[in-house]
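Peer 1:
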Amino acid sequence: SRMQTRTPATAEEGSETPSGPDRVGSILRLESVTVSYLVDERLHAAVRDVSIHLDEGKFISIVGPSGCGKTTILHAAAGLIRPTAGSVLYLGQRWEGRHPDIGYVTQKDTLLPWRNVVDNIALPLEMKGMGKKERREQAAAMAERMQLGSFLRHYPAQLSGGMRQRVQLGRTLIGNPKLLLMDEPFGALDAYLRLRMQELLLSILSEHRPSILFVTHDLAEAIILSDEVVALAGSPGYVGLHRRIEGFSDRGDIMAMRTQSNFGEYERELWLTIAPR
Ligand code: ADP
Ligand code: MG
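As structure tokens, this is what we get:
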């Protein structure tokens, strides 16, 4: 394990993993991140003093209203923008630009319009040097899992927004990233397909265990998927609440979770944070 012991050996050592803000095992650490954009020669803060520590194998969601800075936080986490103040550390290191172990499902898709579904999904395998036949087989299997089996030869322009989101999700997952950043990946789906995709994501995660920073404005989705939920309040956004989600017996069973009483309590608490009376 990458985790280091910070304290001298004690009787309890090994019985519990260290936790709290200075935990060393975080794969991603946002430390007091403030991002301001230059608009018309003036700096406008988009997020203020945001600290999030994502431990390996954990799932953290960020919720908050449109414009509160969710995408800005993911861009900073992806290394695509540098914070105006504070720092972003991946496995304890600062870095610039794209990191090969970080997969980013952006809010606006970045599919290649001249490539069909299979060849878009196969892109990360191609970059690794995998041969055409093998990567097309793997990409087609991933497309099937994304419920795109009837659209393998379609081009992005021939797909709905929700389909394009799933192509992008499949393309990111096939690269097997250690850290997965997802910006409202199910935002364009109807309610049923959204449930289906939430189930699918949970089942994929039970096989691989990437660490995930996930953005959604859907409070129920955040509660269902996450180990922890960060609610942004205000404008510029700041962390209004950082809640650990606990007490669900079967995390794979979305309908059972939604009917448990603590589900409604979490939802209400998050709602009151982002929309104070
Ligand atoms: P969200 O994803 O929560 O909707 P964003 O991170 O996209 O929020 O935006 C947060 C704030 O920053 C908004 O006020 C938005 O107008 C502003 N903003 C986002 N991107 C830029 C940019 N490239 N230049 C200037 N302002 C931006
Ligand atoms: Mg956004």
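In terms of the numbering used here, the sequence shown opens at residue 568 and continues consecutively.
Where a beta carbon is used, it is the ideal one built from N, C-alpha and C, also for glycine.
#1: Thinking just about the alpha-carbon of each residue, which of A724, I629, E701 and A689 is nearest to the one in D794?
#2: Any heavy atom of the ligand ADP inside 6 Å of the beta-carbon of S628?
#3: Opposite V606 in the DSSP bridges: which residues?
#4: Just grab the DSSP bridge partners of Q660 for me.
#5: Would you give the residue range spanned by the alpha helix (DSSP H) that M749 belongs to?
#6: Would you mind giving the Cβ-Cβ distance between L769 and R712, rounded to the nearest angstrom? I have them listed as a contact below 8 Å.
#7: Any contact between the region 669-679 and the region 748-761? By contact I mean 3 or more CB pairs, one from each, below 8 Å.
#8: With a CB to CB cut of under 6 Å and the five nearest residues on each side skipped, what residues in its chain are close to G728?
#9: Can you tell me where the beta strand (DSSP E) holding L799 begins and where it ends?
#10: For L673, which of helix, strand or coil comes out of DSSP?
#11: So the beta strand (DSSP E) H809 belongs to, where does it begin and stop?
#12: Is R720 helix, strand or coil when you go by DSSP?
#13: Could you tell me which of S773, R763, A652 and Q725 sits nearest to W681, measuring between CA atoms?
#14: For R738, which residues in the same chain have their Cβ closer than 7 Å to its Cβ, ignoring the five residues on either side in sequence?
#15: Would you call H620 buried or exposed, if buried means 16 or more other Cβ atoms sit within 10 Å of its Cβ?
#16: By how many angstroms is the C-alpha of L740 removed from the C-alpha of G664?
Peer 2: By the coordinates alone:
#1: I629
#2: no
#3: Answer is R609, bridged to V606.
#4: Y657
#5: Counting along the chain, M749 falls outside any alpha helix (DSSP H), though it belongs to the beta strand (DSSP E) covering L746 to D750.
#6: Going by Cβ atoms, the distance from L769 to R712 rounds to 13 Å, so no, they are not a contact pair.
#7: With the cut-off at 8 Å, the region 669-679 and the region 748-761 touch.
#8: A755
#9: E795 to A800
#10: Looking at the sequence shown, residue 673 is not Leu but Thr. Correct three-state label for T673: coil.
#11: Y805 to R811
#12: coil
#13: Q725
#14: These residues qualify, in order along the chain: N687, I688, L690 and P691.
#15: The residue in question, H620, is buried, as its Cβ has 16 or more Cβ neighbours within 10 Å.
#16: 20 Å
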